[in-house]
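Q: In the numbering used here, the protein residues as written are 3 to 181.
Just so it is clear, CB atoms sit at the ideal spot from N, CA and C, and this is done for glycine as well.
(1) Is the Cβ-Cβ distance between residue 95 and residue 33 less than 8 Å?
(2) Is residue 131 near the ligand GTP, in the sense that its beta carbon is under 7 Å from a heavy atom of that ligand?
(3) Relative to the C-alpha of residue 79, which candidate in 176, 7, 11, 162 has its C-alpha closest?
(4) Pull up the distance between the alpha-carbon of residue 154 and that of residue 90, whole angstroms please.
(5) Count the other CB atoms within 10 Å of the CB of residue 81; is the residue buried (16 or more) or exposed (fewer)?
(6) Under 8 Å Cβ to Cβ from residue 36, same chain only, skipping five residues before and after it: list those, please.
(7) With the cut-off set at 8 Å, would you say residue 46 and residue 21 are in Cβ contact?
(8) Just tell me which of 9, 88, 112, 119 has its CA closest to the CA of residue 75.
(9) Please classify residue 115 as buried or exposed, where buried requires at least 16 neighbouring CB atoms within 10 angstroms.
(10) Suppose contacts are defined by Cβ-Cβ distances below 8 Å. Is residue 164 in contact with residue 156 by that definition?
(11) Less than 8 Å between C-beta atoms, sequence neighbours within five positions excluded: which residues of the same chain meet that for residue 129?
(12) What is the DSSP secondary structure of residue 129, counted as helix, strand or coil?
(13) Here's the rule I'm using: 16 or more other beta-carbon atoms within 10 Å means buried, otherwise exposed. How should residue 101 be labelled?
(14) Could you round the C-beta distance between residue 127 and residue 65 to whole angstroms and report it? I think they count as a contact, below 8 Å.
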């Protein structure tokens, strides 16, 4: 699957060759604050944990994976948008409900890039009739991500314990049903 450019951004699926970009993004404690409490990921973590997880859920024909986001004018890497089936790693996989997630460099915050990218990618993926909803999860105090969820047309579903092999966390779930 190919995703065309949006107004300011370009996209491509990431793979194991993008480990240096993933590492670079994860070095900012502010970026990692609502992921793991602000601890930068090591290159070893990227290579031994995150790349294998990425490979597990990536499906280019379905548009699942990490979509690298670049600024059109400069081709500067600014972050990524995650797309995968909800519950992929906790035994509750639902291919009809796609999880959206995002991680962007702090220097881009407040400029609408995450909203533009997630909205554009979701719009393209919503053409698949097998996709009935988009969901996103965040820590309850991650107000910036929750604001993006609302801008994407998602509504609050519940507070819950997000179960993941990397660790459980108290979270909120938002969802947008299609059609």
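A: Here's the rundown:
(1) With a cutoff of 8 Å on beta-carbon distance, residue 95 and residue 33 are scored as not near each other.
(2) What this structure holds is no ligand at all, so the ligand GTP is not there to describe.
(3) Checked all of 176, 7, 11, 162; the closest Cα to residue 79 is 11.
(4) Going by the C-alpha atoms only, they are around 22 Å apart.
(5) With 16 or more other Cβ atoms from the protein chains shown falling within 10 Å of its own Cβ, residue 81 counts as buried.
(6) Residues 140, 141, 143, 144, 147 of the same chain have their beta carbon placed closer than 8 Å to that of residue 36, with the five preceding and five following residues left out of the count.
(7) Against a cut-off of 8 Å, the Cβ pair of residue 21 and residue 46 comes out as no contact.
(8) The option with the nearest alpha carbon to residue 75 is 9.
(9) Here residue 115 is buried, its C-beta having at least 16 other C-beta atoms within 10 Å.
(10) Contact: no.
(11) Nothing listed; no residue qualifies.
(12) Taken through DSSP and simplified to helix, strand or coil, residue 129 comes out as coil.
(13) Buried is the call here.
(14) Yes, they are in contact, since the Cβ atoms of residue 127 and residue 65 sit about 5 Å apart, within 8 Å.
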